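Numbering (numbering that gives the first Met the number 0), first residue to last: 0 to 397.
In what follows, a structure is listed as structure tokens, so that the remarks can point back to it.
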Amino acid sequence: MQTSLPKEFLQTKEGLKANEILRSCVHCGLCNATCPTYQLTGNELDGPRGRIYLIKNHLEDQNDGSVGLRHLDRCLTCLACETTCPSNVRYGHLLDIGRKHMNQAINRPLASRIKRHLIARVFARPYLVRAMLALARLARPFLPQDLATKIPARPPASRALAAKSGAPKLLTIRGCVQSVVAPQINQAAAKVLERSGIGLEEAKGNCCGALSYHLADTAQAEKTIRRNIDNWYPGLAGEYQYFVVTSSGCSSFIKQYGEIMQTDSHYAERAAFISEHCRDLSDLDFAQGTRAVKETRSVAFHSPCTLQHAQGVLGNIEGRLEDAGYRLVPTTDPHLCCGSAGSYSLLEPGLSTQLLENKLDSLEKGEPDIICTANIGCLMHLQSGTRRPVKHWIELLV
Ligand code: SF4
Ligand code: SF4
């Protein structure tokens, strides 16, 4: 694709990156075939090729971005298009740049700004999530059925994780939402790792910063990243071997710390170190050991986009479940997003609900006893649409 970005922009690292990505696209449109939003709306501008054009036009002629931003907002950042693209176009990086510039150029309506600000601030703070859930549970009897079923059940009590002395140790993150609605996931990971002699401990700090970053609140995201680097680096450069994460949305984002902070002379090196030492739990090499119970249940597995497309981890969880005795039921279109996508279900409820219904049809076709996944956002979103239990895969290996 030919480009003519402004000279001043081309003198920045961001401008060079955008130019390189735009030029790598040969506008073949193959990516549209696997794009969930293009499949639902049939609008070229709701597919990756159309969005690439919108970003190019905005960066070239500095238009006000009002048309483009609507279509970028509808993008799930699922990266199915990156997996499909034969030219290896790094769409996700271009999208980050496009969103940032269009957000700066356009004045969103006040209600939209307040909603986005609240989502970024409330969901990143466990005490606020806890308070909000407590209020929602009190109000549950008065809420419409479809809203009441979306309120997560109270999780079991959890204890602080502590590795046995002398064991090799890994560090993990509690997660802003996960620490409140499903602390049992990290507990399950610790138990399974302990069977192979590995200790797991939780680091200081709850939020990885992904929520703010994907809402184009770059300043807030970088503030969170810097705080995490200060908290995590000393341990990771010392006694802990890896930073291992049970939620693929967070592991995927922490792996981007190095790239996001590369122009920050004070943090760049440590950010890159943390990214290199970050692993999704499903991508960690450990012996899972034999469980006492003979497993007879069937499972449908949903691989989050942040695992299969963003990190390229394929088949590991399915293999572990089968090794443990579970029968995996086949599903259709496993590459498609479930519609959770961070804050997407709150900001684009229409498209998100359609994707959820399609995903549940696919997962439930084989009548599994359990549905499982690898990301807290997908888990909650899927559970909001079905009575069948939805679990994190590591909970099935305890
Ligand atoms: S992003 Fe890739 S698949 Fe899509 S139009 Fe460009 S080159 Fe083709
Ligand atoms: S990230 Fe997902 S929703 Fe966005 S353009 Fe690519 S395939 Fe479509």
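Ideal Cβ positions, reconstructed from N, Cα and C, are used throughout, including at glycine.
These numbers come from a predicted model, not from an experiment.
Near ligand 4: residue i beta-carbon under 8 Å from a heavy atom
| i | result |
| --- | --- |
| P5 | Of the ligands this structure carries, namely ligand 1 and ligand 2, none is ligand 4. |
Residue i and residue j closer than 9 Å at C-beta
| i | j | result |
| --- | --- | --- |
| G64 | N31 | no |
| V292 | Y325 | no |
| T262 | K12 | yes |
| I375 | V180 | yes |
| A206 | A123 | The amino acid occupying residue 206 in the given sequence is Cys; Ala does not appear at that position. Contact: yes. |
| Y232 | I273 | yes |
| A187 | L362 | no |
| S351 | M379 | no |
| G399 | P329 | Residue numbering for the chain in the displayed model covers 0 to 397; residue 399 lies beyond these limits and cannot be assessed. |
| A17 | G97 | yes |
| H301 | L381 | yes |
| S246 | G311 | no |
| Y241 | L354 | no |
| L29 | C84 | yes |
| L235 | T33 | no |
| Q287 | S164 | no |
| G204 | N230 | yes |
Buried or exposed (CB count within 10 angstroms, at least 16 for buried), residue i
| i | result |
| --- | --- |
| I316 | buried |
| V25 | exposed |
| F141 | exposed |
| N42 | exposed |
| L345 | exposed |
| P303 | buried |
| Q61 | exposed |
| C27 | exposed |
| G46 | buried |
| R139 | exposed |
| L71 | buried |
| S111 | exposed |
| I113 | exposed |
| R153 | exposed |
| T289 | exposed |
| P348 | exposed |
| Q307 | buried |
| D279 | buried |
| T372 | buried |
| Y239 | buried |
Ligand 1 heavy atom lying under 8 Å from the CB of residue i
| i | result |
| --- | --- |
| C277 | no |
| N18 | no |
| L78 | no |
| C377 | no |
| P85 | yes |
| H308 | no |
| G324 | no |
| F74 | The sequence as given places Cys at residue 74; Phe does not occur at that position. C74: no, Cβ never under 8 Å from ligand 1. |
| G28 | yes |
| I273 | no |
| I96 | no |
| C24 | yes |
Heavy atom of ligand 2 within 8 Å of residue i beta-carbon
| i | result |
| --- | --- |
| T40 | no |
| E81 | yes |
| L192 | no |
| P398 | There is simply no residue 398 to check, as the chain begins at 0 and stops at 397 in what is shown. |
| P35 | yes |
| L58 | no |
| Y90 | yes |
| R69 | no |
| C336 | yes |
| R50 | yes |
Boundaries (first-last residue) of the beta strand (DSSP E) holding residue i
| i | result |
| --- | --- |
| V176 | Careful: V176 lies outside any beta strand (DSSP E) and carries neither H nor E. |
| V25 | No beta strand (DSSP E) holds V25; DSSP gives it neither H nor E. |
| S297 | S297 to F300 |
| H391 | V389 to H391 |
| V244 | Y239 to V244 |
Run of the alpha helix (DSSP H) containing residue i, from where it starts to where it stops
| i | result |
| --- | --- |
| E43 | Premise fails: E43 is in no alpha helix (DSSP H) and is neither H nor E. |
| Y256 | Y256 to I259 |
| V66 | S65 to D72 |
| E81 | A79 to T83 |
| G165 | Per DSSP, G165 belongs to no alpha helix (DSSP H) and is neither H nor E. |
| C249 | S247 to I253 |
>> Which complete alpha helix (DSSP H) runs does the segment 302 to 385 hold, if anything under 4 residues is left out?
In response: 304 to 307, 315 to 322, 343 to 346, 348 to 363 and 375 to 382
> Which parts of the segment 268 to 294 are runs of the beta strand (DSSP E), unbroken and 3 residues or longer, counting only runs that do not cross its ends?
Replying inline: 277 to 279
> What are the complete alpha helix (DSSP H) segments, minimum 4 residues, inside the segment 94 to 152?
Replying inline: 109 to 121, 125 to 138 and 144 to 147
> In chain order, which continuous runs of the alpha helix (DSSP H) of length 4 or greater are located wholly inside the segment 190 to 222?
Replying inline: 209 to 213
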